[in-house]
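Everything on this sheet refers to the single structure shown next.
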Amino acid sequence: MKVTVDTAVCADHGQCIFSAPKVFQFDDDGRLVWEPAPDESLRASVEEAADVCPVQAIRVDD
């Protein structure tokens, strides 16, 4: 699984962090960071994170 975030669109709302905290986090500067190739066992939470993103900045590919 490959996770990409369009940083030009992402507004750092952080909704993804609630859905998939093992994949998405804020760094010390308050910017979103993520694991670009998380374990397949996290797919459901990553897909939920993409669904709840208010600006639809998250893409999940195989």
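Residue 249 is where the sequence shown starts when you use this note's numbering, and the numbers rise one by one after that. Think of the CB as a built atom: it goes at the ideal place given N, C-alpha and C, for glycine as much as any other residue.
#### Entry: Simplified DSSP assignment, three categories, for R279
coil
### Query
Can you round the beta-carbon distance between T255 and R307 to whole angstroms, since I take them to be within the 8 Å contact cut?
Actually they do not touch by this definition, with Cβ atoms about 12 Å apart.
### Task
Let me know if P286 comes out buried or exposed under the rule of 16 or more other beta-carbons within 10 Å of its beta-carbon.
buried
#### Entry: Nearest residue (CA-CA) to A297, options V271, D277, P284 and D310
V271
### Query
Looking only at C-alpha atoms, which of C301, D309, A292 and G262 sits nearest to R279?
G262
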